[in-house]
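Enquirer: Please read through the structure below; I'll follow up with questions.
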Amino acid sequence: MSATDSFRSRFGFSDTSTAGFGLTLAGFIGFMGIITAEVLYPDYSTRQDISDLGSTRPPNPVIHEPSATIFNSTMLLTGAMVVVSAYFLYRAVDRRGFPLALGVFGFAAFGVGVFPGNMAPWHGLFAMLTFFSGGITAVLSARLVPRPMSFLTALFGGISLLVLLSVFFYGLVVGGPSPLEPLGAGGIERWVVYPIILWLPVFGGYLLAEPTEPFVSAHE
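Once you know that position 171 of the sequence shown is 170 in numbering that gives the first Met the number 0, the rest is easy, because the numbers rise by one and skip nothing.
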């Protein structure tokens with residue numbers, strides 16, 4: 000047994016509960032970090048992009064401290080914790096596809112912190128990867144847990160993906176404004192991001208409870 004495994008065993012952490020602990024904490028850090036950065040950002044409106052907290056986009060980016068450091072650090076820490084949680088889930092479950100999807104989500108969120116809004120096109124690419132991979136991961140988690148938990152996780156992921164896809168549909172296919180346009184870019188983005196952030200502690204809390212066979216009854 001490695002020193003890390005010995006330490007976790009001493010405090011009652013299995014691979015599953017370690018992943019649950021990490022995901023729950025990641026959701027808390029992500030949510031509170033964004034709120035804190037918003038409060039400290041001068042005249043910030045939730046109609047603005049969330050990423051404006053780290054930096055607005057070129058050609059004339061605006062960076063406000065300490066909001067930028069708080070937001071970027073929040074993304075780095077949240078992403079890293081999700082990746083670590085994905086590793087422990089990879090060790091704990093037979094279905095390797097879900098932990099890999101979770102790892103991609105964590106990697107993408109970490110990339111948002113590495114590349115703030117003023118670093119085009121990388122920020123946009125990592126942000127879009129975060130949105131899609133986060134929603135897909137939440138939907139996939141419904142296959143691992145029993146009802147009614149599966150309904151809840153699918154709902155969080157489904158709402159996030161539906162709002163995200165609606166923006167592309169109305170922008171590229173319809174060629175007109177989305178029905179969600181009155182919310183502003185920031186309001187629409189929050190309907191994509193917050194369901195995923197809320198999913199993290201919901202799914203993480205389920206893993207922390209750690210039933211005897213946490214994933215076996217998912218389709219029963």
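Ideal placement from N, C-alpha and C gives every residue a C-beta, glycine not left out.
What's the call for residue 198, buried or exposed, on a 16-neighbour Cβ count within 10 Å?
Expert: With 16 or more other Cβ atoms within 10 Å, it is buried.
Enquirer: Under the three-state reduction of DSSP, which class applies to residue 129: helix, strand or coil?
Expert: Note: residue 129 maps to helix in three-state DSSP.
Enquirer: Within a Cβ cutoff of 6 Å, which residues of the same chain sit near residue 194, ignoring the five residues on either side of it in sequence?
Expert: Counting only Cβ-Cβ distances below 6 Å, and skipping sequence neighbours, we find 155, 158 and 159.
Enquirer: Roughly how far, in whole angstroms, is the beta-carbon of residue 143 from the beta-carbon of residue 109, given that I think they are within contact range, below 8 Å?
Expert: 23 Å between Cβ atoms; not a contact.
Enquirer: To the nearest angstrom, report how far apart residue 227 and residue 207 are at their CA atoms.
Expert: Since the first and last residues shown for the chain are 0 and 219, residue 227 lies out of range.
Enquirer: Whose CA, out of 14, 45 and 122, lies closest to the CA of residue 89?
Expert: Cα-wise, what sits closest to residue 89 is 14.
Enquirer: Could you tell me the alpha carbon to alpha carbon distance between residue 217 and residue 40, rounded to whole angstroms?
Expert: Confidence at residue 217 is low in this model, with a pLDDT of 44, below 50, so its placement is unreliable and no value can be given for it.
Enquirer: As a quick exercise: from 165, 200, 140 and 57, pick the residue whose alpha carbon is nearest that of residue 293.
Expert: Here the chain has residues from 0 to 219 only, and residue 293 is not among them.
Enquirer: Could you tell me how far apart the beta carbons of residue 191 and residue 173 are, in whole angstroms, since I believe they sit closer than 8 Å?
Expert: Wrong, their Cβ atoms sit about 19 Å apart, outside the cutoff.
Enquirer: Quick one: Cα of residue 182 to Cα of residue 12, how far?
Expert: Going by the C-alpha atoms only, they are around 42 Å apart.
Enquirer: Output needed for residue 63: all residues of its chain with C-beta closer than 7 Å, excluding positions within five of it in sequence on either side, in chain order.
Expert: Cβ neighbours of residue 63 beyond the five flanking positions: 40 and 41.
Enquirer: Going by DSSP, what residue range makes up the alpha helix (DSSP H) through residue 37?
Expert: Taken as a continuous stretch (DSSP letters only), the alpha helix (DSSP H) holding residue 37 covers 14-39.
Enquirer: Note down the Cα distance separating residue 175 from residue 118, rounded to an integer number of angstroms.
Expert: If I take the Cα positions, the gap works out to 28 Å.
Enquirer: Relative to the C-alpha of residue 72, which candidate in 131, 165, 137 and 111 has its C-alpha closest?
Expert: Nearest of 131, 165, 137 and 111 to residue 72, Cα basis: 111.
Enquirer: Under the rule that 16 or more other beta-carbon atoms within 10 Å means buried, what is residue 105, buried or exposed?
Expert: Under this definition residue 105 is a buried residue.
Enquirer: Roughly how many angstroms lie between the CA atoms of residue 114 and residue 66, to the nearest whole one?
Expert: About 15 Å.
Enquirer: Compare the Cα-Cα distances from residue 129 to each of 101, 152, 146 and 148 and report the closest residue.
Expert: Closest by alpha carbon: 101.
Enquirer: Note down, in chain order, each residue of its chain lying with its Cβ closer than 6 Å to the Cβ of residue 26, except the 5 sequence neighbours on either side.
Expert: Around residue 26: 196, 199 and 200.
Enquirer: Can you tell me whether residue 51 is buried or exposed? The criterion is at least 16 other CB atoms within 10 Å of its CB, across all chains shown.
Expert: Residue 51 is buried by the Cβ-count criterion.
Enquirer: So which of 53, 46 and 47 has the shortest CA-CA distance to residue 32?
Expert: Of 53, 46 and 47, the residue nearest in Cα terms is 53.
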